[in-house]
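One structure is given below, encoded as structure tokens.
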Amino acid sequence: MLSELLRKSIHLSGFILPVIYLFLDQRTMLILIGGLTGFALAVELMKWLSPSFGEFFFQIFASLLRTHERKGAMTGATYYLISAFLCIFFFTKTLAIVCIFFMILGDLAAALVGKKWGRTKLLGKKSLEGSAACFVVCALIALVKLNPVIAIIGALVATIVELIPLPIDDNLTVPLVSGAVMHFLMQGFF
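At position 55 of the sequence shown (counting the first as 1) the number is 56 in the numbering used here, and the numbers step up by one without a gap.
Next up, the structure:
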């Protein structure tokens, strides 16, 4: 539980990127996140190509990594950076920020509430209580800036994507899928 809290604390530090984006234009933010993403991908590549670097990396970060990440899978942090880059590239500033906050705060709410109060199991280790927390947090985030119907639909999509055990990291799927749905709705209906 302590290592998960530490992981989520670091996850929460990702809050800084959408806050920075409030003050920068899209091009500058893409350059900033592109550089960070490039660095993260280089580290991922080095883990695979250099056993000594991989060993060094795992010694430092082992307590923060999930089991599949310790076995060589890309880290959630790398997926976060890729996702943030793609959200900023494809979506309006407002929508990108909302989607990145979905990933950070919705996932955090689902994990913390699910671990503490999750009694009603839905899929795998996911609980109704954790999913409800994810939905409420995502809805509150989106309602600040988006049409209420789009906000609720986006929060629901983010919650469903977070709930379903997909083979792709939810740091990538939650913001991109919910963002794509909200973007589509904003273009045609609301």
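Where is the CB? At the ideal position from N, CA and C, for every residue including glycine.
What distance in whole Å lies between the Cβ atoms of residue j and residue i, which are believed to be in contact at a cut-off of 8 Å?
i: Ser132; j: Leu164; result: 5 Å
i: Ile89; j: Ala97; result: 5 Å
i: Asn172; j: Tyr80; result: 4 Å
i: Pro176; j: Met75; result: So it is not a contact: roughly 16 Å between Cβ atoms.
i: Leu167; j: Thr174; result: 6 Å
i: Val99; j: Ile142; result: 6 Å
i: Lys48; j: Phe40; result: Rounded, the Cβ-Cβ distance is 13 Å, inconsistent with contact.
i: Ala134; j: Leu144; result: About 16 Å separates the two Cβ atoms, so there is no contact after all.
Taking only three categories from DSSP, how would you classify residue i?
i: Lys122; result: strand
i: Ser128; result: strand
i: Asp108; result: helix
i: Phe185; result: helix
i: Gly15; result: coil
Looking at the secondary structure, which residues open and close the alpha helix (DSSP H) in which residue i lies?
i: Ala85; result: 77 to 91
i: Thr102; result: The sequence given here places Phe at residue 102; Thr does not occur at that position. Run containing Phe102: 94 to 102, per the alpha helix (DSSP H) assignment.
| What are the uninterrupted segments assigned as alpha helix (DSSP H) that are 4 or more residues long and contained completely in the stretch 121 to 181, given in chain order? | Counting only runs of 4 or more residues that sit fully inside the stretch 121 to 181, the alpha helix (DSSP H) segments are 129 to 146, 149 to 164, in chain order.
| field | Ordered list of beta strand (DSSP E) runs contained in the stretch 19 to 67, each at least 3 residues | value | Listed in chain order, nothing qualifies, since the stretch 19 to 67 has no complete beta strand (DSSP E) run of 3 or more residues.
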